[in-house]
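*Asks:* Chains as they are written, first to last, in my numbering: chain S, 8 to 303; chain E, 6 to 266.
Just so it is clear, CB atoms sit at the ideal spot from N, CA and C, and this is done for glycine as well.
1) Three or more beta-carbon pairs under 8 Å between the region 99-108 of chain E and the region 69-80 of chain E, yes or no?
2) Give the straight-line distance between the Cα atoms of residue 202(S) and residue 172(S), rounded to the nearest whole angstrom.
3) Going along the region 101-127 of chain E in order, which residues come within less than 7 Å of chain S, judged by CB to CB distance?
4) Cα separation between residue 183(S) and residue 22(E)?
5) For residue 86(S), which option in 98(S), 72(S), 189(S), 186(S) has the closest C-alpha, if you only look at C-alpha atoms?
6) What are the residues of the region 96-122 of chain S that lie near chain E, defined by any Cβ-Cβ distance shorter than 8 Å?
7) Output yes if chain E places a C-beta closer than 9 Å to the C-beta of residue 81(S); else output no.
8) What is the DSSP secondary structure of residue 48(S), counted as helix, strand or coil?
9) Whole angstroms is fine: what's the gap from residue 235(E)'s alpha carbon to residue 222(E)'s?
10) For residue 91(S), go through chain E and note every residue whose CB falls closer than 8 Å to its CB, in chain order.
11) Go through the region 106-170 of chain S residue by residue and report every complete run of the beta strand (DSSP E) that reaches 3 residues or more, in order.
12) For a cutoff of 9 Å on Cβ pairs, would you count residue 169(E) as touching chain S?
13) In terms of alpha-carbon separation, which member of 94(S), 18(S), 241(S) lies closest to residue 170(S)?
14) I'd like to know if residue 62(S) contacts chain E, where contact means its C-beta is closer than 9 Å to some C-beta of that chain.
15) DSSP has residue 194(S) in a bridge; who is on the other side?
16) How is residue 217(S) classed by DSSP in three states: helix, strand or coil?
17) Straight-line CA distance for residue 128(E) to residue 226(E)?
18) Measuring CB to CB, does residue 38(S) end up less than 9 Å from residue 10(S)?
19) Using a Cβ cut-off of 9 Å (strictly closer), state whether residue 152(S) contacts chain E.
20) Residue 28(E) and residue 68(E) - do their beta-carbons sit closer together than 9 Å?
21) Does any CB atom of chain E fall closer than 9 Å to the CB of residue 125(S)?
22) Report the partner residues of residue 151(E) according to the DSSP bridge assignment.
23) Count the CB pairs spanning the region 183-202 of chain S and the region 289-297 of chain S that are closer than 8 Å, and state whether there are at least three.
24) Which partner residues of residue 31(S) appear in the DSSP bridge assignment?
25) Could you work out which residues of chain S lie near residue 265(E), taking near to mean beta carbons separated by less than 8 Å?
26) Does residue 284(S) come within less than 9 Å of chain E when only Cβ atoms are used?
27) Between the beta-carbon of residue 4(S) and the beta-carbon of residue 96(S), is there less than 9 Å?
28) What is the rounded straight-line gap between the Cα of residue 227(S) and the Cα of residue 78(S)?
29) Taking the alpha helix (DSSP H) that residue 277(S) falls in, what are its first and last residues?
30) With a CB to CB cut of under 6 Å and the five nearest residues on each side skipped, what residues in its chain are close to residue 9(E)?
31) Less than 9 Å between CB atoms is the rule here; does residue 84(S) satisfy it with respect to chain E?
32) When the Cα atoms are used, what is the spatial distance from residue 233(E) to residue 42(E)?
33) Locate the alpha helix (DSSP H) running through residue 36(E), then write down its first and last residues.
34) Once DSSP output is grouped into helix, strand and coil, what is the label at residue 101(S)?
35) Using C-beta distances below 7 Å, list every residue in its chain close to residue 174(E), excluding the 5 sequence neighbours before and after it, in chain order.
36) Counting beta carbon pairs with one atom in the region 239-255 of chain E and one in the region 139-150 of chain E, are three or more of them shorter than 8 Å?
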């Protein structure tokens, strides 16, 4: 079932005398229980799409739905937790105030108890009564994430959630996202940090010039990132197999081959006296694939 | 309700707002100032109290309105709030009512301070006029309505503007025009026969489009204990409600079309 559906969105912005086409027929959906990564270069339309889904920007044409409700209907956001890019909050209030405010906007019962639990999870308990103007950028991201979770949402929409976080902060976010997804929360997030997307997403959308140009699920990612294999084999004699094997230690050899040569190489090894010890995939990063796709 | 509470909490801890609120302390100087008037201490203290109240409410309206609307949008606080399940209409009205509450509380504080300073001034030199507290209260209340209406204009200009200056200076222009409109209209309609019918019609149109702030002015009624007709209060209140309704509706309509990109 689709939790979010984006259907043929078009959006043009006018900046002084220039007209910028931000979205040019953006369409995709987010299925229940998945973590969908939204990947694209600057200006590809990621943030505009997210803002249309959250009704912060109105599309020129096309529609976005959350839980089958049009995104212009405020009720569509009842079960959504959202964190914008570089979140900004009223800086004269405390972290606890922000969580209680978020809770009241969703009519959450036991707001205080939930707020304390989230502050604890995001390691902010000792800053609960500190005004937000004194929070660091990383702390603002964490309190923003906590505020997005106060009402136990079914859908999380995060715009560059890990931008500007240190490695420990990113780890906390990723672990929390994985944990939430395991408990059934659907997550849709945009990011520039490709290893993070590769690490946690069950599906990735690649956008360019305001529309989706590719999408991959985990199997696709696994397939596309594997460009070949390294076969490790053991042979007792020193007879050459003519498979371009390289000795890596006494009696152990490695053969590098392309993906489509694997079967052929295995058969050749099995027909010899050598024995296969291990086969390991040779990987390239999602980043390389991303750049290849963009260059296409 | 949560948004109203948050807005008030955010505002009352704001440094600019605290500086403006501290102008209430100027009431302490009113008896001294009135003393220079020789024999009209009571009348001057009433006039000065109402003028100071008007000045504080004007600053609060201009800066409060700008802080609540323009700054919220400029600093992207609106992203957080509008991503919750509330309508933009609800957002604008909550922000507006937050400021109305603050303006009302400040009016009450100013009125309370005025009671003290008018008593002190009146005790220094006995006036031949009685102090009509109901008139003074009515004058304070009408000032509150006047600035609530002006606040509506700040919201209207901030609903489409991305700059700080547009809402502030446009509202100041409306304030000046709204205070002068009655006098200019009377002058054109009664005083001069040289103007063409078209010019008079245009003046009439501008007069009806601009808010008429002079109808909210009861300072002379309060200072000189003149009788206030309840009918004029009712007419002004109805005018206030209709005009404010129109300005807020327009603000909401514009705000509903706005992109937060």
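*Replies:* Quick look at the numbers:
1) yes
2) 14 Å
3) none
4) 39 Å
5) 72(S)
6) 96, 97, 99, 100, 104, 108, 109, 111, 112, 113
7) yes
8) Under the three-state reduction of DSSP output, residue 48(S) falls in the coil class, being neither helix nor strand.
9) 14 Å
10) 81, 84, 85, 88
11) 162-166
12) no
13) 94(S)
14) yes
15) 42(S), 163(S)
16) coil
17) 21 Å
18) Going by C-beta atoms, residue 38(S) is nearer than 9 Å to residue 10(S).
19) no
20) no
21) no
22) In DSSP, residue 151(E) forms no bridge with anything.
23) yes
24) 17(S)
25) 58, 63, 64
26) no
27) No statement about residue 4(S) is possible, as the shown extent of chain S runs from 8 to 303 and does not include it.
28) 30 Å
29) 269-277
30) So the list reads 99, 102, 103, once near-sequence residues are dropped.
31) yes
32) 26 Å
33) Membership of residue 36(E) in the alpha helix (DSSP H) is indicated by the continuous run 35-40.
34) strand
35) Once the five neighbours on either side are set aside, residue 174(E) has no close Cβ partner at all.
36) Flag = yes, the region 139-150 of chain E and the region 239-255 of chain E touch.
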